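Asker:
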Amino acid sequence: ETGVTQSPTHLIKTRGQQVTLRCSSQSGHNTVSWYQQALGQGPQFIFQYYREEENGRGNFPPRFSGLQFPNYSSELNVNALELDDSALYLCASSYALTGDTEAFFGQGTRLTVV
Amino acid sequence: LAKTTQPISMDSYEGQEVNITCSHNNIATNDYITWYQQFPSQGPRFIIQGYKTKVTNEVASLFIPADRKSSTLSLPRVSLSDTAVYYCLVAPYNDMRFGAGTRLTVKP
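Chains as they are written, first to last, in this note's numbering: chain A, 1381 to 1494; chain B, 393 to 500.
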């Protein structure tokens, strides 16, 4: 149990719809990163937030957006859903940006787009 | 960000020591090397992290040569429950970019 919780655990949406996924960081952590993991592949970095500011972004279109709140919880929003957006979405929290800190992952949200 | 290369898959038997090597030829001075383990439908789990030489914890050892262009994760006496995908990451900050990982299968 890492202390990072994601909701919902599973979700089915229709192509073209919008979805919001939520992540509650481990207590004391101020950095959160979001990943998309398609079946059989490694997690792909979407973006990272540090103290409510976006601090890096992977190769994802603008319809993937995020927020980090003052309590360091976070949301991932995806607009105009496409079939290829079906994946496991993971969030990871850590204390700081430095590479010598451990990141803790949630169990993920399984999104299916039909 | 340093690119990493690791074997796609490995097989082992219960009780054996498993060594998974990761190449990261263009590692930068301020990069750390971190290994994660992932089971199906779960988030990755931190195993071990190092900067140079050798690091050991209760589950694994990490060997890093002086040039830091590679690293080896060593899992002593694996069991069936160690069957998972293992990822090697190299990053200066917590901006982790995962590769495809190594799928380890432990057989009875």
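Cβ coordinates follow ideal geometry from the N, Cα and C atoms, glycine included.
Source: prediction; values computed, not measured.
Determine the DSSP secondary structure at S1473(A), reduced to helix, strand or coil.
Answerer: For the purposes of this step, residue 1473(A) is taken as residue 93 along the first sequence, with counting starting at 1. If DSSP states are grouped into helix, strand and coil, S1473(A) belongs with the strands.
Asker: Hey, is Q1448(A)'s beta-carbon within less than 9 angstroms of any beta-carbon in chain B?
Answerer: The residue you call residue 1448(A) lines up with position 68 of the first sequence. No, no contact with chain B.
Asker: What did DSSP end up calling S463(B) once you bin it into helix, strand or coil?
Answerer: Taking the second sequence and counting its residues from 1, the one referred to as residue 463(B) is at position 71. Three-state DSSP puts S463(B) in a strand.
Asker: What are the start and end residues of the beta strand (DSSP E) that includes G442(B)?
Answerer: Taking the second sequence and counting its residues from 1, one reaches residue 442(B) at position 50. Start and end: 437–442.
Asker: I need the DSSP call for D403(B), collapsed to helix, strand or coil.
Answerer: The sequence position of residue 403(B) within the second sequence is 11, counting from 1. The answer is strand: DSSP assigns D403(B) an E or B state.
Asker: Below 8 angstroms on the Cβ atoms is my guess for V477(B) versus R495(B); work out the distance and round it to an integer in Å.
Answerer: The residue given as residue 477(B) occupies position 85 in the second sequence. The residue given as residue 495(B) occupies position 103 in the second sequence. Sure, about 5 angstroms apart at Cβ, within 8 angstroms.
Asker: Output yes if chain A places a C-beta closer than 9 angstroms to the C-beta of P436(B); else output no.
Answerer: Within the second sequence, numbered from 1, the residue matching residue 436(B) stands at position 44. Flagged as an interface residue toward chain A: P436(B), by a C-beta distance shorter than 9 angstroms.
Asker: Could you name the residues of chain A that Y478(B) contacts, counting a contact when the two beta carbons are closer than 7 angstroms?
Answerer: As a working mapping, residue 478(B) is identified with position 86 in the second sequence. Within chain A, no residue comes near Y478(B); the closest Cβ sits about 11 angstroms away, beyond 7 angstroms.
Asker: Determine the closest residue to F412(B) out of F431(B), D459(B), L454(B), with distance taken between C-alpha atoms.
Answerer: Against the second sequence, residue 412(B) aligns to sequence position 20. What sits at residue 412(B) in the sequence shown is Ile, not Phe. The option with the nearest alpha carbon to I412(B) is L454(B).
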